[in-house]
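Working notes, structure below.
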Amino acid sequence: MARTMTGAEMVLAALNDQGVEHIFGYPGGAVLPIYDELFQQERIKHILVRQEGGALHAAEGYARSTGKVGVALVTSGPGATNAVTGLTDALMDSIPLVCITGQVPTHLIGNDAFQECDTVGITRPCTKHNWLVKNVNDLARILHEAFYIAKAGRPGPVVIDIPKDVQFATGNYVGPSNIAHKTYKPRVKPDQNAVREAVELMARAKKPVFYTGGGVINSGPKASQLLRELVRLTGYPITSTLMGLGAYPASDKQWLGMLGMHGTYEANFAMHDCDVMIAVGARFDDRITGRLDAFSPGSQKIQIDIDPSSINKNVKVDIPIVGDVAYTLEDMLRIWKSKSPQLDKAAHKSWWKQIDGWRAKKSLSYKPSRDVIMPQYAIERLFALTKDRDAYITTEVGQHQMWAAQFYHFDEPNRWMTSGGLGTMGYGLPAAIGAQLAHPKSLVIDIAGDASILMNIQEASTAVQYDLPVKVFILNNQYMGMVRQWQQLLHGNRLSHSYTESLPDFVKLAEAYGWTGMRCDNPDDLDDAIRAMIETKGPVIFDCRVANLANCFPMIPSGKAHNEMLLGSDVSDDEVGSAIGEEGKVLV
Amino acid sequence: MNMAKPVSKSHYVGPGAAQAIVSRTLSILVDNEPGVLARVIGLFSGRGYNIDSLTVTETEHEKHLSRITIVTRGTPDVIEQIKHQLERLIPIHRVRDLTNEGVALERELALIKVSGKGDKRIEALRIAEIFRAKVVDTSTEHFVFEVTGKPSKIEEFIAIMTELGLVEVSRTGIAAIGRGPASS
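Protein chains in written order, with the numbering used here: chain X, 1 to 588; chain D, 589 to 772.
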């Protein structure tokens, strides 16, 4: 039933109708009517961030830890441009977000008005879709459409730009309807013939491997359940991308660890040597494939993806299946069970033997130290002391992120939030705030680096305002560690501007924000210190002083193949210096 | 290529190196809403695809539908990727590869200004008749010709006029449609 109301009222009504409970935002001139409506209601809780970038990452953390759509509200001009990084981040990692931006009144658009920018122009390439609403009677429809677009198919961020006069104008509100979208109807049910063909190929495989990604997480908890069932039924090994961690339990014996540039030896070698690869919701990103022409040369590939443009983009596959992961795995399981195929047990036994040989390399091993805290050791202890708790982990970007992925093991989906595609430093703290808000009783930890944490440190203030007891665990080596590692690999150890000379005193910084600050630099004290951090009621910054020059291994150097991995244990400085060839140097 | 048939489609020698570049005419039916053209061309520039020709106008007024016709170049894999990327854009109804689906009808209109006196002027008029170009503006020193046809015909006409005092050219770009009774 149509109701008459103002544009600003429509925003709140639509958010209500969409079941939104929390939004992250920052007020400003062009969104004041919406903020006025927020003030006059109690159902939707607004979380005031300290910079719009924080609102977007917080909405991402909220979305990724719940599977819901994250919502952000920012003003025109700088509010919108500050949101751009978070939008791009969400686009790259396929995170459903609705971002509402204020805009100058319609008659001033194009006039270089105060705090005007071409928001739809700027955000067009970094959103799944965006709208500039010029007529208040279109607003309700667009708001509901925005939620549909954000979560349907391959999820992503959308922007609704609402001029201030449209927020004041009165028009008809319509509720969400189930009328099919005019043009956007992504295919979710797979082609049955392709699924059947895939099952037949899987059943014939001698050296199979499952390669799974963020698509499994995005498809929902059921997809993870079905994946577990299928993987156990087949008995095949499984690896995952950074984005897909937790879809399959890391504690299981069929789990090979993460693959890719800093993945395990066994995962990458299994990918290289397999004869059948089953890619599930993974997009063959350059961090995964390494050198393309040497990527898994002898395998036939099955790829399940909801986005047809992800199929055959980087790597050609033999059996493409367009569909939602959960639907497709359900069909695969049904067909597999009805066929109960005769598997080549002998071949699988020798494949697992080969894999065990690679596992024996212990590619994640590092030189332990009794004097300084090794960063890997810090994550191992953090994991050991938190694994039995209800924990959510976010990260920033860099070495600490890779160590977290290698040494913190996830058994459940939606527990791990990291900026995978865009690699946004400063993601972790606001994302942790978003996750904590959605899970107030859980333990939420941002595993951070000393450089990354400073990129959105202002959000520490947000955590205090809303009593969010997030823990920030900084692996502090005083370097931008990953930049330094690449300078060592590529640029003759000339450490150009990767050392931060005047870091703040993180303990005092924590205290200045009203947090608890802690520091630890002795391996013998680490366990007690981590326990103290967990037991502390409010938010904590934990300044974990780690070995300054540790590097992240194993590593596939740029431009190299999976079977040319560098292992930390047998790499000399010379080898590190010459690991990347001339062609690899231009790669990222 | 004299390669043995590979077991798998997936092993290939260097990205894109083994495939020839082809030209394709894509016909894209879109909702005629603000910014839709920017979405399409932004996709091409952002992902490094080529546009050789582009035309767009509303073709079904009551439904607010526009047809964008793009001539692009790339390897067959890249063309496939372009189609999928276009299909991801929300206001797009459908994308058809007219070149791939059979010989498409492709037509272009050009306005061509030629100036000259004496024999050259007479020769220009005579050639224009052969190409069925119309004179749409003239003085004692110039003609403006209107010519339609396949792009190759227009290229040819321009090449000849270059010798006869070509001043400037304005072209519409290609409008294309599939043959036969079915809609494209």
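Glycine included, each C-beta is placed from N, C-alpha and C at the ideal position.
- [ ] Helix, strand or coil for HIS181(X), going by three-state DSSP, please let me know.
- [x] Numbered from 1 along the first sequence, position 181 holds the residue referred to as residue 181(X). It is coil, neither helix nor strand.
Open item on the list: Can you find the residues in the same chain that come closer than 8 Å, C-beta to C-beta, to GLN51(X), ignoring five residues on each side of it along the sequence?
Closed with: As a working note, residue 51(X) is residue 51 in the first sequence. Excluding residues up to 5 positions away in sequence, TYR26, ASN82, ASN456, GLN458, GLU459 lie with their Cβ nearer than 8 Å to the Cβ of GLN51(X) in the same chain.
Open item on the list: Please list, in chain order, the chain X residues whose beta carbon lies closer than 9 Å to that of HIS652(D).
Closed with: Reading the second sequence from its first residue, position 64 is the one you call residue 652(D). Below the 9 Å Cβ cutoff, chain X contributes no neighbours of HIS652(D), its closest Cβ being approximately 11 Å away.
Task: PRO157(X) - DSSP class collapsed to helix/strand/coil - done: Here residue 157(X) corresponds to residue number 157 of the first sequence, with the count starting at 1. Annotated three-state conformation of PRO157(X) is strand, per DSSP.
Task: Paired residues, beta bridge with PHE733(D) - DSSP - done: The residue given as residue 733(D) occupies position 145 in the second sequence. ILE700(D), VAL723(D).
TODO: For TYR236(X), go through chain D and note every residue whose CB falls closer than 8 Å to its CB, in chain order.
DONE: For the purposes of this step, residue 236(X) is taken as the residue at position 236 of the first sequence. Going along chain D, no residue has its Cβ under 8 Å from TYR236(X), so there is no contact; the nearest lies around 18 Å.
Open item on the list: Whole angstroms are fine: how far does the CA of PRO155(X) sit from the CA of ILE433(X)?
Closed with: Along the first sequence, read from residue 1 onward, the residue named residue 433(X) stands at position 433. Along the first sequence, read from residue 1 onward, the residue named residue 155(X) stands at position 155. When rounded, the distance between both Cα atoms is 22 Å.
Task: ILE746(D) and GLU694(D) closer than 8 Å at C-beta - done: Here residue 746(D) corresponds to residue number 158 of the second sequence, with the count starting at 1. Here residue 694(D) corresponds to residue number 106 of the second sequence, with the count starting at 1. GLU694(D) is positioned such that its CB atom lies no closer than 8 Å to that of ILE746(D).
Task: Interface residues of the stretch 307-326 of chain X facing chain D [CB-CB below 9 Å] - done: Against chain D - using a Cβ distance shorter than 9 Å - the residues of the stretch 307-326 of chain X are ASP307, PRO308, SER309, SER310, ILE311, ASN312, LYS313, ASN314, VAL315, LYS316, VAL317, ASP318.
Open item on the list: For GLY634(D) and GLY421(X), I'd like the C-alpha separation in whole angstroms.
Closed with: Residue 634(D) sits at position 46 when you count from the first residue of the second sequence. Residue 421(X) sits at position 421 when you count from the first residue of the first sequence. When rounded, the distance between both Cα atoms is 17 Å.
Open item on the list: Excluding the 5 residues flanking LEU754(D) on each side, which residues of the same chain have their C-beta closer than 6 Å to its C-beta?
Closed with: Counting from one through the second sequence, the residue named residue 754(D) turns up at place 166. The answer, listed in chain order, is VAL702.
Open item on the list: Less than 8 Å between the beta carbons of MET271(X) and THR241(X), yes or no?
Closed with: Here residue 271(X) corresponds to residue number 271 of the first sequence, with the count starting at 1. Here residue 241(X) corresponds to residue number 241 of the first sequence, with the count starting at 1. No, they are not a contact pair.
Task: chain X within 8 Å of GLN673(D), Cβ atoms only - done: The residue given as residue 673(D) occupies position 85 in the second sequence. Under the 8 Å criterion on CB atoms, GLN673(D) is classed as interfacial with respect to chain X.
Open item on the list: Buried or exposed, going by whether 16 or more other CB atoms sit within 10 Å of the CB of GLY257(X)?
Closed with: For the purposes of this step, residue 257(X) is taken as the residue at position 257 of the first sequence. Flag for GLY257(X) reads buried.
- [ ] Identify the continuous beta strand (DSSP E) that holds VAL69(X) and give its terminal residues.
- [x] Taking the first residue of the first sequence as position 1, residue 69(X) is located at position 69. From DSSP, VAL69(X) is part of no beta strand (DSSP E); its letter is neither H nor E.
TODO: Name, please, each residue of chain D whose Cβ falls closer than 9 Å to the Cβ of HIS129(X).
DONE: On the first sequence, residue 129(X) is found 129 positions in, with the first residue counted as 1. Counting only Cβ-Cβ distances below 9 Å, HIS129(X) has contacts in chain D at ARG627, LEU677, ILE678, PRO679, in chain order.
- [ ] Classify ASP273(X) as buried or exposed, calling it buried when 16 or more other Cβ atoms lie within 10 Å of its own Cβ.
- [x] Within the first sequence, residue 273(X) is the residue found at index 273, counting from 1. Buried, because 16 or more other Cβ atoms sit within 10 Å of the Cβ of ASP273(X).
- [ ] Run the CB neighbour count on ILE447(X), radius 10 Å, all protein chains shown included, and call it buried at 16 or more, exposed below.
- [x] Taking the first sequence and counting its residues from 1, the one referred to as residue 447(X) is at position 447. Under a 10 Å Cβ-count criterion, ILE447(X) is classified as buried, with 16 or more other Cβ atoms of the shown protein chains found around its own Cβ.
TODO: Measure the alpha-carbon distance for PRO308(X) versus GLY121(X) and round it to whole angstroms.
DONE: Residue numbering aside, residue 308(X) sits at position 308 when the first sequence is read from its first letter. Residue numbering aside, residue 121(X) sits at position 121 when the first sequence is read from its first letter. Rounded to the nearest whole angstrom, the C-alpha separation of PRO308(X) and GLY121(X) is 26 Å.
Open item on the list: Pull the bridge partners of VAL276(X) from the DSSP assignment, please.
Closed with: Within the first sequence, residue 276(X) is the residue found at index 276, counting from 1. Paired residues: PRO208(X), GLN300(X).
- [ ] Could you please give me the residues that DSSP links to PRO320(X) through a beta bridge?
- [x] The residue given as residue 320(X) occupies position 320 in the first sequence. In the DSSP output, where bridge partners are listed per residue, PRO320(X) has GLN303(X).
Task: Where the beta strand (DSSP E) through ALA512(X) begins and ends - done: Against the first sequence, residue 512(X) aligns to sequence position 512. Here ALA512(X) belongs to no beta strand (DSSP E); instead the alpha helix (DSSP H) covers 506-513.
Open item on the list: Helix, strand or coil, according to DSSP, for CYS126(X) in the structure here?
Closed with: Within the first sequence, residue 126(X) is the residue found at index 126, counting from 1. Helix, per DSSP.
Task: Boundaries (first-last residue) of the alpha helix (DSSP H) holding HIS400(X) - done: Here residue 400(X) is taken as the residue at index 400 of the first sequence, counted from 1. Run containing HIS400(X): 399-407, per the alpha helix (DSSP H) assignment.
Task: Beta-carbon proximity check, GLY7(X) vs LEU132(X), cutoff 8 Å - done: On the first sequence, position 7 is the one that residue 7(X) refers to. On the first sequence, position 132 is the one that residue 132(X) refers to. In this structure, LEU132(X) does not lie closer than 8 Å to GLY7(X) by Cβ.
Open item on the list: For PRO190(X), would you say it is in contact with chain D, using Cβ-to-Cβ distances shorter than 8 Å as the test?
Closed with: Your numbering for residue 190(X) matches position 190 in the first sequence. No, no contact with chain D.
- [ ] Give the straight-line distance between the Cα atoms of GLY604(D) and SER461(X), rounded to the nearest whole angstrom.
- [x] In the second sequence, residue 604(D) corresponds to position 16, counting from 1. In the first sequence, residue 461(X) corresponds to position 461, counting from 1. The predicted model places GLY604(D) with a pLDDT of 46, which falls under 50 and marks its position as unreliable, so this point remains unresolved.
Task: Proximity test, Cβ basis, 8 Å: ALA8(X) and chain D - done: As a working mapping, residue 8(X) is identified with position 8 in the first sequence. Taking 8 Å as the CB threshold, ALA8(X) stays off the interface with chain D.
TODO: Output yes if chain D places a C-beta closer than 8 Å to the C-beta of THR241(X); else output no.
DONE: Residue mapping note: residue 241(X) aligns to position 241 of the first sequence, counting from 1. Chain D, which has no Cβ nearer than 8 Å to the Cβ of THR241(X), makes this no.
TODO: Would you mind stating whether LEU589(X) and TRP336(X) have Cβ atoms separated by less than 8 Å?
DONE: As shown, chain X starts at 1 and ends at 588. That puts residue 589(X) outside it, with no answer to give.
TODO: Give a yes or no on whether the minimum CB-CB distance between VAL120(X) and chain D is below 8 Å.
DONE: Within the first sequence, residue 120(X) is the residue found at index 120, counting from 1. For VAL120(X), the answer is yes, since a Cβ of chain D falls inside 8 Å of its Cβ.
Task: Nearest-angstrom beta carbon gap, VAL231(X) and PHE210(X) [assumed within contact, 8 Å] - done: Within the first sequence, residue 210(X) is the residue found at index 210, counting from 1. Within the first sequence, residue 231(X) is the residue found at index 231, counting from 1. Confirmed, Cβ separation roughly 6 Å.
Task: Which listed residue (SER758(D), ASP685(D), ASP619(D)) has its alpha carbon closest to that of VAL659(D) - done: On the second sequence, position 71 is the one that residue 659(D) refers to. Nearest to VAL659(D) by alpha-carbon distance, out of SER758(D), ASP685(D), ASP619(D), is ASP685(D).
Task: DSSP state of VAL372(X) mapped onto helix, strand, coil - done: Along the first sequence, one-based indexing puts residue 372(X) at 372. VAL372(X): coil per DSSP, three-state reduction.
Open item on the list: Taking 8 Å as the cut-off, does the stretch 510-526 of chain X touch the stretch 218-225 of chain X (at least 3 CB pairs, one atom from each stretch)?
Closed with: No, the stretch 218-225 of chain X does not touch the stretch 510-526 of chain X.
Task: The beta strand (DSSP E) enclosing ILE622(X), as first and last residue numbers - done: Past the edges of chain X, shown from 1 to 588, lies residue 622(X), and the structure says nothing about it.
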